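Residue 175 in our numbering is what sits at position 166 of the sequence shown, and the numbering runs on without skipping anything. All residues carry an ideal CB built from backbone N, CA and C; glycine is no exception. Fair warning: this is a prediction, and the values are worked out from it, not measured in the lab.
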Amino acid sequence: MFEQLTQLVNQFGGDAVVNNPAVPNEHNDAVLEHANSSIVDSLKGMVASGNISDLAGLFQGNNAADGSNPAVQQITNNLTNSLGEKFGLSSDAASGVAGSLIPKVLGALIGGAKDPNNPGFNISDIIGSLTSGNSAAGGGIMDAISKYGGQFGLDQDGDGKVGMSDAVAAVSGKSGGLGGLLGKLFGGK
Numbered sequence: 010m011f012e013q014l015t016q017l018v019n020q021f022g023g024d025a026v027v028n029n030p031a032v033p034n035e036h037n038d039a040v041l042e043h044a045n046s047s048i049v050d051s052l053k054g055m056v057a058s059g060n061i062s063d064l065a066g067l068f069q070g071n072n073a074a075d076g077s078n079p080a081v082q083q084i085t086n087n088l089t090n091s092l093g094e095k096f097g098l099s100s101d102a103a104s105g106v107a108g109s110l111i112p113k114v115l116g117a118l119i120g121g122a123k124d125p126n127n128p129g130f131n132i133s134d135i136i137g138s139l140t141s142g143n144s145a146a147g148g149g150i151m152d153a154i155s156k157y158g159g160q161f162g163l164d165q166d167g168d169g170k171v172g173m174s175d176a177v178a179a180v181s182g183k184s185g186g187l188g189g190l191l192g193k194l195f196g197g198k
């Protein structure tokens, strides 16, 4: 995930940072590097603090590119605050950089992970990177999917929980099959 994130920050950082007169040119590379680490730290912080519902919200539909998404807002605010402190940018300049950069980067990151034509990168890579291989934390994200999955039509057997029997029903072709289940989970209809 980290390599893809760095590429996306550099890709979208052209307008937000490099071509932005509010960011001194001597700080361009450092600001991009800081934005990259700020995104990772913010996402890991959500996992560590148990803020799984906002994190899970990034994976639903096309919410990751929406500046009003609570997770996007939190990451944008974290970067805004730290840019002002670390590089002395005005609050307007820092807000402009973060507000321009974060939704685009997250939208492309999550969108790429959800794209079946992008087999080199997927949702489990993101979860694994954020939990650093911690199965309990990864399980927490999966618990959130289970908890909120009923709201998104993932409860295949109607028992009020999203569990193994729902996965079996999905794989066996009931209720639209595995593709239908995964499509509902990640924003399809």
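Nearest-angstrom Cα separation, counted from residue j out to residue i
i: Val40; j: Gly54; result: 20 Å
i: Leu115; j: Val18; result: 9 Å
i: Val8; j: Leu139; result: Residue numbering for the chain in the displayed model covers 10 to 198; residue 8 lies beyond these limits and cannot be assessed.
i: Asp101; j: Gly93; result: 9 Å
i: Phe21; j: Val27; result: 10 Å
i: Asn127; j: Ala117; result: 12 Å
i: Ile135; j: Ala122; result: 8 Å
i: Ser213; j: Val56; result: This structure does not reach residue 213, given that the chain is present from 10 up to 198, and the question cannot be answered.
i: Ala80; j: Ser62; result: 9 Å
i: His43; j: Ile119; result: 20 Å
i: Ser47; j: Asp38; result: 14 Å
i: Lys95; j: Gln13; result: 25 Å
i: Ser77; j: Asn71; result: 12 Å
i: Pro33; j: Ser58; result: 34 Å
i: Val49; j: Gly137; result: 12 Å
i: Asn29; j: Glu35; result: 12 Å
i: Pro125; j: Asn87; result: 31 Å
Span of the alpha helix (DSSP H) around residue i
i: Pro125; result: First-last for Pro125: undefined, no H or E at that position.
i: Glu12; result: Phe11 to Gly22
i: Val56; result: Asn37 to Ala57
i: Leu98; result: No alpha helix (DSSP H) holds Leu98; DSSP gives it neither H nor E.
i: Gly76; result: Taken as a continuous stretch (DSSP letters only), Gly76 belongs to no alpha helix (DSSP H), as it is neither H nor E.
i: Ala65; result: Ile61 to Leu67
Exposed unless 16 or more other CB atoms sit within 10 angstroms - verdict on residue i
i: Phe68; result: buried
i: Ile150; result: Since pLDDT at Ile150 reaches only 48, below the 50 mark, its modelled position is unreliable, and no value is offered.
i: Phe11; result: exposed
i: Val177; result: Residue placement at Val177 cannot be trusted, given a pLDDT of 43 that sits under 50; the coordinates are not used to answer.
i: Ala179; result: Confidence at Ala179 is low in this model, with a pLDDT of 44, below 50, so the placement of that residue should be treated as unreliable; the coordinate-derived value is given next. Burial call: buried.
i: Ser91; result: buried
Beta-carbon gap between residue i and residue j smaller than 8 Å
i: Ala74; j: Pro112; result: yes
i: Thr89; j: Ala103; result: yes
i: Ala25; j: Leu98; result: no
i: Gln83; j: Ser51; result: yes
i: Asn45; j: Thr15; result: yes
Any non-hydrogen atom of the ligand GDP within 7 Å of residue i CB
i: Val32; result: Only the bare structure without any ligand can be found here, which leaves the ligand GDP out of the picture.
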